[in-house]
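A.B. asks: This structure is in structure tokens; I'll ask about it shortly.
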Amino acid sequence: MKISDLSIKRPVLASVMSLTILLFGIISFTRLPVREYPDIDPPIISVVTFYRGASPSVVETEITNILEEQFATLEGVKTLTSSSQEQGSVITIEFELSRDVDEAANDVRDRVSRIRGQLPREVDDPVISKVDANAQAIVWLALSSDRHSGLELSDIADRVLKERIQRLPGVGSVIIGGERRYAMRIWLNPLRMAAFNLTTQDVEAAIRRENAEIPGGRVEGAEREFAVRTRGELNTPEEFANIIVSQNEGDRVRLGDVADVQVGAEDERSLARFNGRPAVGLGIVKQSKASTVDVADVVRATLDELRASMPEGIQLDVAFDSSIFIKDSINEVAETILIAMVLVILVVLAFLKSFRATLIPTVAIPISIIGAFVSAFFFGFTINILTLLALVLAIGLVVDDAIVVLENIYRHMEMGKDRWQAALDGTREIGFAVLATTISLVAVFVPVAFLTGSVGRLFNEFGLMLAVAILISGFVALTLSPMLASKFLKPLHGTGEGWASRSFDAFFDKLNHIYERILKWSLAHPAVLVFAAVLLVAVSAVLFKMMPSELVPTEDRGIAFGIVIAPEGSTLDYTDRYMRQVESRLLPLPERKGVFTALGLGFGGPGRVTNGFLFVGLKPRDERQRSQQEIVQSLFPQLLSIPGVLAFVINPPSLGGRFSSSPVEYVLQADNYEQLNQAVQTMMGKASELGYLVNLDSDLRLNKPQLDITIDRERAAGLGVSVTDIGLTLETFLGGRVVTNFKRGAKQYDVIVQMKPSDRSRPDAIDDIYIRSSDGLVQLANVVKIRETVSPKELNHYNRVRSATISANLVPGVSLGDALDDLDEIAANALPAGINREYAGQSLEFKSSSGTLYFMFMLAIVFIYLVLAAQFESFVHPFTILLSVPLAVFGALLSLFVFGETLNIYSQI
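So the sequence shown is numbered by our numbering: it starts at 6 and just counts up by one.
Here is the structure:
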């Protein structure tokens with residue numbers, strides 16, 4: 006080939022071309038960010054709409070259905086889910102990966118603006134936001150103390166630490182988990198208010214009227230001017246308590262006469278602890294293009310400086326650091342690359358029996374591997390497990406072409422030619438064959454370009470890196486390798502005389518004789534051979550059916566997540582009492598590094614006091630005897646045995662999945678919720694008999710305790726009481742209303758008016774509430790009827806159809822594929838007609854990935870066939886080679902079966 010001739014005749018040019026590839030590869034490598042997996046996060050838009058006082062059924066009819074109808078026709082919608090809850094609607098739109106998230110958000114805003122007039126006037130404007138999966142914290146710091154309250158810790162985290170951490174390079178934002186912000190709490194006493202003839206509206210109006218700072222303009226003189234500032238703002242409890250709410254004939258009623266005023270927490274329905282001490286968490290979110298490892302290293306390097314700036318008695322610890330697992334994984338793969346290089350070099354040396362000859366093909370390894378990073382840089386890839394795995398597989402492939410070229414040059418030298426002429430003739434002779442082999446290998450990865458979805462994004466980086474490495478190796482085999490052979494290759498005079506060399510040759514001679522006998526026997530008994538091949542294919546099908554399957558295998562990430570769920574209607578104190586029992590089982594663990602627990606924190610929405618979560622940070626793997634999986638298995642029965650709550654621990658989600666997502670998400674759909682509820686109860690009853698589904702739950706709950714307040718409109722109208730006044734009064738007393746704000750230092754906080762918790766701890770507390778009528782105050786109980794009932798917590802849709810999602814976690818050792826197959830069988834046998842089934846979350850991703858990988862496998866075979874057909878100029882001969890594929894699959898499945906592994910994205914590669 007001309008390029009080979011040119012390289013042999015111009016050795017400096019050949020060297021410069023390879024060195025250029027190497028140089029650009031090194032530069033690209035130093036500039037690539039490091040993360041665990043490629044960016045596979047889908048574009049997601051959320052639309053949150055508040056409708057105060059509305060029930061889930063009203064929200065579903067008047068908000069959710071209207072918005073869903075508009076969103077369903079947007080371009081590239083993958084799934085459309087919604088939840089109609091008390092006082093609001095939450096709609097989540099997941100788009101295809103190819104959709105630009107900013108364009109999608111603009112389209113959603115346009116659709117909302119079109120139908121804003123169709124929504125009730127009382128509805129707040131829908132809040133549209135992009136759900137950035139990169140906004141998950143990569144490091145969690147725990148700020149804890151025995152001397153300071155959670156309120157004080159939150160203030161320190163906000164004032165002292167947050168801004169300093171956000172200024173660090175690569176840090177995008179800081180989340181304060183378990184934050185309890187300051188607020189001016191005005192605890193109303195309804196009986197004292199009634200005694201002074203006051204309502205909540207009177208109190209709120211007085212606070213707004215008296216707490217105001219309005220610019221006063223300026224005073225201009227002949228030579229000087231003064232800015233006028235009216236100091237009307239209030240900042241202390243004493244100042245607020247001194248507000249005059251009403252006055253009559255000289256009698257003044259101050260706020261302190263009808264309420265207790267104090268600085269307290271904005272939200273009393275959440276808390277957090279670290280190792281049993283009051284705490285708040287600081288979650289460090291990296292910038293979208295920043296390296297996880299680099300950002301985590303910068304944060305850790307700043308810890309001592311941050312600790313020095315905090316008051317005495319406060320401890321700052323690293324509760325969770327995702328970069329540790331990433332660094333360990335990357336280092337492990339890098340070690341594998343080095344080991345593979347050494348093994349390949351030793352194998353080549355064993356066969357070529359010459360260090361000088363071995364050097365020629367092994368030069369292709371660093372050039373091809375490092376050169377592949379150039380493509381990663383220009384395509385916006387990262388250094389991650391998949392790209393490095395591609396390079397591990399490439400090591401054994403990139404030397405093939407160079408060895409073939411070298412062997413042929415040897416053959417020509419044995420014919421008596423000098424090494425320069427042998428390099429020319431030998432490379433010319435097989436140049437096309439080397440090119441065809443390279444194209445054949447690359448053809449295996451061409452189908453990757455046709456893959457879509459998350460798995461497609463994973464394999465795009467994997468396939469392209471591997472293909473580029475192979476292309477570079479082919480280029481090196483046709484340029485640098487023949488040039489080096491023409492300069493340094495020597496005939497094997499006198500080699501092979503040592504004891505080791507003779508033993509090696511004797512061993513392979515024996516293998517050749519064995520193979521020769523097997524081959525002769527096979528050619529003499531073709532029917533037996535065909536039968537054996539068919540049998541192996543049949544066994545492969547059986548093994549494939551028997552193999553457990555999952556998206557990715559469970560890995561030891563050095564952390565275990567936990568969930569605590571109390572009965573519906575439980576209080577924060579009830580859930581916390583049992584959370585402390587959970588902590589008592591976790592803190593004595595010899596492997597634990599830290600235990601972070603939290604109650605009432607929401608994942609992208611309002612938190613619920615019945616839900617708690619925790620994570621147990623474990624010591625490094627070399628400092629503990631048990632693996633993460635073994636620790637989780639041992640904790641499972643301990644936590645499940647705690648009465649009064651459902652408590653359990655799980656392994657972290659795969660592929661960077663969100664913690665709040667269960668692996669099993671099975672969606673049932675029907676036209677009405679009554680039919681849907683029956684189907685859910687049937688399904689969950691059968692599913693619980695499987696024995697390996699933990700936290701089996703459904704988002705369709707009809708058991709939320711509720712006080713139904715029915716307004717007697719005739720009586721209310723007769724007394725001059727409006728429905729709006731009733732609703733606002735109840736909201737203020739029972740839910741709390743933000744009336745205005747106040748300053749504490751340089752920060753601004755809310756002023757919240759509400760009834761004392763002790764005064765609203767029972768249903769009959771509503772009897773103490775009074776409301777203004779045309780003739781004065783009237784007891785609220787005179788115009789309403791109160792009834793204790795149960796109601797749906799939320800009404801959900803999946804792709805616009807009324808739905809219920811059955812979610813569950815898996816007992817360690819059970820695969821997701823087996824669980825979904827069992828649920829499909831139960832649904833097919835137990836559910837009536839009219840109930841549709843869908844998958845969501847990780848379950849949907851798993852099912853989609855399985856079909857995608859099978860499609861890629863078949864497409865790869867087609868591409869290889871076409872390349873081989875072009876090479877052999879025959880449509881028949883390629884089948885001779887491709888018939889070996891099913892037998893190779895048998896070997897792969899057998900090894901997985903013997904070692905107890907699963908079918909996942911790694912094993913399917």
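Ideal Cβ positions, reconstructed from N, Cα and C, are used throughout, including at glycine.
Helix, strand or coil for Leu471 per DSSP?
C.D. replies: The residue given as residue 471 occupies position 466 in the sequence shown. Note: Leu471 maps to helix in three-state DSSP.
A.B. asks: State the beta-bridge partners of Trp192 as determined by DSSP.
C.D. replies: Taking the sequence shown and counting its residues from 1, the one referred to as residue 192 is at position 187. Bridge partners of Trp192: Asp265, Gln759.
A.B. asks: Can you have a look at Met198 and say buried or exposed, based on whether 16 or more other CB atoms are within 10 angstroms of its CB?
C.D. replies: Mapped onto the sequence shown, residue 198 falls at position 193. Burial call: buried.
A.B. asks: Kindly indicate the opening and closing residues of the beta strand (DSSP E) around Gly781.
C.D. replies: Stepping through the sequence shown from its first residue, residue 781 is reached at position 776. Gly781 -> beta strand (DSSP E) spans 781 to 784.
A.B. asks: Using only alpha-carbon positions, find the residue among Lys332, Leu398, Ser60, Arg278 that is nearest to Gly563.
C.D. replies: Indexing the sequence shown from 1 puts residue 563 at position 558. Checked all of Lys332, Leu398, Ser60, Arg278; the closest Cα to Gly563 is Lys332.
A.B. asks: Please list, in chain order, all residues of the same chain as Leu739 whose beta carbon is under 6 Å from its beta carbon, the five residues on each side excluded.
C.D. replies: Here residue 739 refers to the residue found at position 734 of the sequence shown. Excluding positions up to five away in sequence, the list reads Arg765.
A.B. asks: Quick one: residues in its chain with C-beta nearer than 7 Å to the C-beta of Asp326, no 5 flanking neighbours on either side, listed in chain order?
C.D. replies: Counted from its first residue, the sequence shown places residue 326 at position 321. Cβ neighbours of Asp326 beyond the five flanking positions: Val144, Ala301.
A.B. asks: Secondary structure at Ala675, three-state DSSP: helix, strand or coil?
C.D. replies: Here residue 675 refers to the residue found at position 670 when the sequence shown is read from its first residue. Of the three classes helix, strand and coil, the one that applies to Ala675 here is coil, per DSSP.
A.B. asks: Between Val783 and the rest of its own chain, which residues show a CB-CB distance below 8 Å, the 5 nearest in sequence each way excluded?
C.D. replies: For the purposes of this step, residue 783 is identified with residue 778 of the sequence shown, where counting begins at 1. These residues qualify, in order along the chain: Leu724, Val726, Tyr775, Ile776, Arg777.
A.B. asks: Would you mind sorting Ser889 into buried or exposed? The rule is 16 or more other CB atoms within 10 Å of its CB.
C.D. replies: For the purposes of this step, residue 889 is taken as the residue at position 884 of the sequence shown. Ser889 should be labelled exposed.
A.B. asks: Considering only the beta carbon of each residue, do Thr827 and Pro553 sit closer than 7 Å?
C.D. replies: Sequence index remark: in the sequence shown, residue 827 carries index 822 (1-based). Sequence index remark: in the sequence shown, residue 553 carries index 548 (1-based). The residue you asked about is not Thr; residue 827 is Asp in the sequence shown. No, these two residues do not count as a Cβ contact at 7 Å.
A.B. asks: Which residue marks the beginning of the alpha helix (DSSP H) containing Ser20, and which one marks its end?
C.D. replies: Start at 1 with the first residue of the sequence shown, and residue 20 comes out as number 15. Unbroken alpha helix (DSSP H) run through Ser20: 16 to 36.
A.B. asks: How would you call Pro988, buried or exposed, if buried means at least 16 neighbouring beta carbons within 10 angstroms?
C.D. replies: There is no way to answer for residue 988, as the model of the chain reaches only from 6 to 914.
A.B. asks: Between the segment 735 to 753 and the segment 791 to 809, do at least 3 Cβ pairs fall closer than 8 Å?
C.D. replies: The segment 735 to 753 is not in contact with the segment 791 to 809.
A.B. asks: Helix, strand or coil for Gly226? Go by DSSP, reduced to three states.
C.D. replies: Within the sequence shown, the letter at position 221 stands for residue 226. Coil.
A.B. asks: Looking at the structure shown, is Asp826 part of a helix, part of a strand, or coil, going by DSSP?
C.D. replies: Locating residue 826 in the sequence shown gives position 821, counting from the first residue. Three-state DSSP puts Asp826 in a helix.
A.B. asks: Note down the Cα distance separating Thr387 from Gly221, rounded to an integer number of angstroms.
C.D. replies: Translated into positions along the sequence shown, residue 387 becomes position 382. Translated into positions along the sequence shown, residue 221 becomes position 216. The alpha-carbon atoms of Thr387 and Gly221 are separated by roughly 57 Å.
A.B. asks: Verify whether the separation of the beta carbon atoms of Arg361 and Phe493 is less than 7 Å.
C.D. replies: Taking the first residue of the sequence shown as position 1, residue 361 is located at position 356. Taking the first residue of the sequence shown as position 1, residue 493 is located at position 488. Cβ atoms of Arg361 and Phe493: closer than 7 Å.
A.B. asks: Have a look at the DSSP bridge pairing and note the partners of Gly93.
C.D. replies: Position 88 of the sequence shown, counting from 1, holds the residue named residue 93. Answer by DSSP bridge pairing, in chain order: Phe55, Gln90.
A.B. asks: If you reduce the DSSP assignment to three classes, tell me which class Lys752 lands in.
C.D. replies: Within the sequence shown, numbered from 1, the residue matching residue 752 stands at position 747. In this structure, Lys752 counts as strand in the three-state DSSP scheme.
A.B. asks: Determine whether the beta carbon atoms of Phe620 and Phe566 lie at a separation below 7 Å.
C.D. replies: Translated into the one-based positions of the sequence shown, residue 620 becomes position 615. Translated into the one-based positions of the sequence shown, residue 566 becomes position 561. Yes.
A.B. asks: Where does His153 fall in DSSP's three states?
C.D. replies: Within the sequence shown, residue 153 is the residue found at index 148, counting from 1. Coil at His153, not helix or strand.
A.B. asks: Considering only C-alpha positions, which residue in the set Thr907, Gly421, Met689, Tyr803 is nearest to Asp676?
C.D. replies: Here residue 676 refers to the residue found at position 671 of the sequence shown. Considering only alpha carbons, the answer is Tyr803.
A.B. asks: Considering only the alpha carbon of each residue, which of Pro16, Ile181, Val64 lies closest to Lys798?
C.D. replies: Counting from one through the sequence shown, the residue named residue 798 turns up at place 793. Nearest option by C-alpha distance: Val64.
A.B. asks: Mind checking Thr615: buried by the 16 CB within 10 Å criterion, or exposed?
C.D. replies: Looking up residue 615 in the sequence shown gives position 610. Buried: at least 16 other Cβ atoms inside 10 Å.
A.B. asks: Could you compute how far the alpha carbon of Arg274 sits from the alpha carbon of Leu591?
C.D. replies: For the purposes of this step, residue 274 is taken as the residue at position 269 of the sequence shown. For the purposes of this step, residue 591 is taken as the residue at position 586 of the sequence shown. Whole-angstrom Cα-Cα distance: 24 Å.
A.B. asks: When we look at the beta-carbon of Ala264 and count the other beta-carbons within 10 Å, is it buried (16 or more) or exposed?
C.D. replies: On the sequence shown, position 259 is the one that residue 264 refers to. It is buried - the Cβ of Ala264 has at least 16 other Cβ atoms within 10 Å.
A.B. asks: In angstroms with no decimal places, state the Cα-to-Cα distance between Ala395 and Ala324.
C.D. replies: The count along the sequence shown starts at 1 and reaches residue 395 at position 390. The count along the sequence shown starts at 1 and reaches residue 324 at position 319. Whole-angstrom Cα-Cα distance: 33 Å.
A.B. asks: Who does Glu74 pair with in a DSSP beta bridge?
C.D. replies: Numbered from 1 along the sequence shown, position 69 holds the residue referred to as residue 74. Per DSSP, none; premise fails for Glu74.
A.B. asks: By how many angstroms is the C-alpha of Ile408 removed from the C-alpha of Ile350?
C.D. replies: Here the question's residue 350 lines up with position 345 in the sequence shown. Here the question's residue 408 lines up with position 403 in the sequence shown. Approximately 11 Å between the Cα atoms of the pair.
A.B. asks: At the level of alpha carbons, what is the spacing between Phe608 and Tyr911?
C.D. replies: Working through the sequence shown from its first residue, we reach residue 608 at position 603. Working through the sequence shown from its first residue, we reach residue 911 at position 906. For Phe608, the predicted structure reports a pLDDT of 48, less than 50, and the residue's modelled location is therefore unreliable. A value from the coordinates is still provided. Rounded to whole angstroms, Phe608 to Tyr911 spans 30 Å at the Cα level.
A.B. asks: Who are His802's beta bridge partners in DSSP?
C.D. replies: Locating residue 802 in the sequence shown gives position 797, where the first residue counts as 1. DSSP, once it has assigned bridges, lists Ser87, Arg807 as partnering His802.
A.B. asks: Helix, strand or coil: how does DSSP classify Asn682 here?
C.D. replies: In the sequence shown, residue 682 corresponds to position 677, counting from 1. Helix at Asn682.
A.B. asks: Is there contact here, the segment 893 to 900 with the segment 468 to 477, by at least three beta-carbon pairs under 8 Å?
C.D. replies: With a cut-off of 8 Å, the segment 468 to 477 and the segment 893 to 900 do not count as touching, because too few Cβ pairs lie within range.
A.B. asks: Got a sec? Which residues, its chain only, sit under 6 Å from Val136 by beta carbon, not counting five neighbours each side?
C.D. replies: What you label residue 136 is simply residue 131 of the sequence shown in a count that begins at 1. Cβ neighbours of Val136 beyond the five flanking positions: Ile49, Ser51.
A.B. asks: Threshold first: 4 residues or longer. Then list the alpha helix (DSSP H) segments lying entirely within the segment 689 to 735, N to C.
C.D. replies: Fully enclosed alpha helix (DSSP H) runs of 4 or longer: 718 to 724, 728 to 735.
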